[in-house]
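*Asks:* Take 4 as the starting number for the sequence shown in my numbering and just add one per residue.
Cβ atoms here follow ideal geometry from the backbone N, Cα and C, with glycine treated the same way.
These figures come from a predicted structure and were not determined experimentally.
Take this structure, written in structure tokens, and hold onto it; I'll ask about it next.
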Amino acid sequence: MKGTVKPLARCARSVMILAAISAVSGGVAHAQSSVTLYGVLSTTLEFVSNSRGNHLYALSNGGMMPPRWGVRGVEDLGGGNQAIFQLENGFNIDNGAMLGGMFGRQAYVGLSNTHYGTLTLGRQYEEMTNTMWFATSANVFAGYGAHIGDNDNMFFTNRFNNAVRYASPTIAGFSAAGSFAFSNSTQFSNNDGYSGSVSYARGPLKVAAALTQFNRRGAAVPSNLTSGAVDSSGWGFSSPFVVSPGGAATDQQRIAGVGGTCDFGWFNVLGNYTNVLFNYADSTGLRLQNAEGAIYKFLRPDWEVGLAYVYTHGDYSIGRSTHYNQIDIASHYFLSKRTDLFLIGIYQRASGPNAFAQIYTTSPSSGKNQTLLEAGIMHKF
């Protein structure tokens, strides 16, 4: 074990030292070239009303955002051209353990042009995440108040390996993006994926639509970070929809969604609708429909509050249906632009045969109700 930890630790230290040196020297060499070290540190005191039948009190990783550190670089090539890269590592702040690969959150390199857009290659987010993230309360104020199991991937759970992504420049408020993730297999469509999106922003209004498909081919999903477009770790946290009622693995997941936000001056609103289809290896399927609405407001420059309601309806091809009602409420007190003290409450109720409540990152409830309460701190650098 020691033989694996020490090289990783040395690698992390080397990257951080290189980033610091490059950040200083880059500013001297080219005014538009830079390397930036950044990160998020977040942890929370947590209470779960029903965790496999018992109360749970814990110090829990994240709470608002999963901790991470990363390096982002830009080299000015002249003529409106840039070389870009990003490396991002996720870790558990409560025990120091690394989550996933060394740069399991993101690892890509590419080229950007002010007129023609940006092309990137590597491990990247797909478009339900890249384009739709702003339209859900989980990313804005509610932390782990994601749609159950993050079934539509709006909360950054799944990523694409081996991905080629193009993002257009913004023209008259419109922009578009698309990506394809290779299986890196002689069976071209076995564990590949694709995604696309369009968005529009003008003044206080921003809207977007996206489509993503993961092709996993059931139990053939690889267990490492490099074999195919979607690895088993890509599920991130437990989800009640990963397998069929009969225990078969997911063969294909297709997601479509629309969402938007609007700033009315003294308050903000957001909303989204997503439609998710799971096809399982035993030829059964599940269609989920998620609808969310939220309102949030800064009562003072340093105090933000938010309230959201999420409804999820699921229909199995075997004739069974489930429903989930969820309420997210949050209060954030900002000690500075980078340091945030937060209180978050999430309540979820499940309905339907064999349905159970399971708030994101928590163990499943033994019944149809579950409440999560958090009091935490987040710092960004």
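Could you tell me the distance, in whole angstroms, from the CA atom of S178 to the CA atom of Y283?
*Replies:* Cα to Cα, S178 sits roughly 34 Å from Y283.
*Asks:* Looking at C-alpha atoms only, which residue of L40, G148, G176 is the closest neighbour of V420?
*Replies:* Since the first residue shown for the chain is 4 and the last is 384, residue 420 is missing from the structure and cannot be characterised.
*Asks:* Which residue comes first and which comes last in the alpha helix (DSSP H) that contains M131?
*Replies:* For M131, the uninterrupted alpha helix (DSSP H) segment begins and ends at 130-133.
*Asks:* In angstroms with no decimal places, state the Cα-to-Cα distance between A213 and W136.
*Replies:* Distance between the alpha carbons of A213 and W136 is about 11 Å.
*Asks:* Does DSSP classify A166 as helix, strand or coil?
*Replies:* strand
*Asks:* Comparing alpha-carbon positions, which option in G260, L90, G82 lies nearest F106?
*Replies:* L90
*Asks:* So for A378, helix, strand or coil by DSSP?
*Replies:* strand
*Asks:* Would S200 be called buried (16 or more neighbouring beta carbons within 10 Å of its own) or exposed?
*Replies:* buried
*Asks:* Does the Cβ-Cβ distance between G260 and F144 come in under 9 Å?
*Replies:* Between G260 and F144, the CB-CB gap reaches or exceeds 9 Å.
*Asks:* Are the segment 340-350 and the segment 314-323 touching by the rule of at least three beta carbon pairs closer than 8 Å?
*Replies:* no
*Asks:* By how many angstroms is the C-alpha of Q127 removed from the C-alpha of Y385?
*Replies:* In the structure as shown, the chain begins at 4 and stops at 384. Residue 385 is therefore absent and cannot be evaluated.
*Asks:* Please look up how many angstroms separate the CB atoms of I258 and T277, rounded, as I've assumed it's under 8 Å.
*Replies:* 6 Å
*Asks:* Is the beta carbon of G99 sitting closer than 9 Å to the one on F384?
*Replies:* The answer is no: Cβ separation not under 9 Å.
*Asks:* What first and last residue would you give for the beta strand (DSSP E) that runs through W306?
*Replies:* Here the beta strand (DSSP E) through W306 covers 306-319.
*Asks:* Going by other Cβ atoms of all chains shown within 10 Å of its Cβ, with 16 needed for buried, is S54 buried or exposed?
*Replies:* With 16 or more other CB atoms across the displayed protein chains lying within 10 angstroms of its CB, S54 is buried.
*Asks:* Does the beta-carbon distance from G268 to V210 come in below 9 Å?
*Replies:* no
*Asks:* Which complete alpha helix (DSSP H) runs does the segment 76-149 hold, if anything under 4 residues is left out?
*Replies:* 130-133
*Asks:* Could you spell out the range, first to last residue, of the beta strand (DSSP E) harbouring F50?
*Replies:* 37-54
*Asks:* When the Cα atoms are used, what is the spatial distance from Q216 to A110?
*Replies:* 21 Å
*Asks:* How do the segment 161-171 and the segment 181-192 stand: do at least 3 beta-carbon pairs fall below 8 Å, yes or no?
*Replies:* Contact check between the segment 161-171 and the segment 181-192: three or more CB pairs, one atom from each, fall below 8 Å, which counts as touching.
*Asks:* Where does D331 sit, in a helix, a strand or coil, going by DSSP?
*Replies:* strand
*Asks:* How many angstroms separate the CA atom of E129 from the CA atom of N194?
*Replies:* Cα to Cα, E129 sits roughly 15 Å from N194.
*Asks:* Assign R219 to buried or exposed, taking buried as 16 or more other Cβ atoms, counted over all protein chains shown, within 10 Å of its Cβ.
*Replies:* buried
*Asks:* Assign F244 to one of two classes, buried (16 or more other C-beta atoms within 10 Å of its C-beta) or exposed (fewer than that).
*Replies:* buried
*Asks:* Please state whether DSSP places I151 in a helix, a strand or coil.
*Replies:* helix
*Asks:* What residue from A175, D331, Q351, L376 has the CA that sits closest to N142's CA?
*Replies:* D331
*Asks:* Does DSSP put I347 in a helix, in a strand, or in coil?
*Replies:* strand
*Asks:* Rounded to whole angstroms, what's the CA-CA distance from F50 to A149? Just pull it up for me.
*Replies:* 17 Å
*Asks:* Using the rule of at least 16 other Cβ atoms within 10 Å of the residue's Cβ for burial, across every protein chain shown, is P70 buried or exposed?
*Replies:* In this structure P70 is buried. Its beta-carbon is surrounded by 16 or more other beta-carbon atoms within 10 angstroms.
*Asks:* Since K209 is in the beta strand (DSSP E), which residue starts that stretch and which ends it?
*Replies:* 208-218
*Asks:* Would you please state the rounded distance, in angstroms, between the beta carbons of D153 and Y363? I believe it to be under 8 Å.
*Replies:* 6 Å
*Asks:* Within its chain, find whatever has a CB closer than 8 Å to the CB of K371; leave out the 5 residues flanking it on each side and keep chain order.
*Replies:* R352, A353, S354, A358, F359, A360
*Asks:* Measure the alpha-carbon distance for V246 versus L59 and round it to whole angstroms.
*Replies:* Roughly 26 Å separates the two Cα atoms.
*Asks:* Pick from T132, A252, A333: whose alpha carbon is nearest that of N156?
*Replies:* T132
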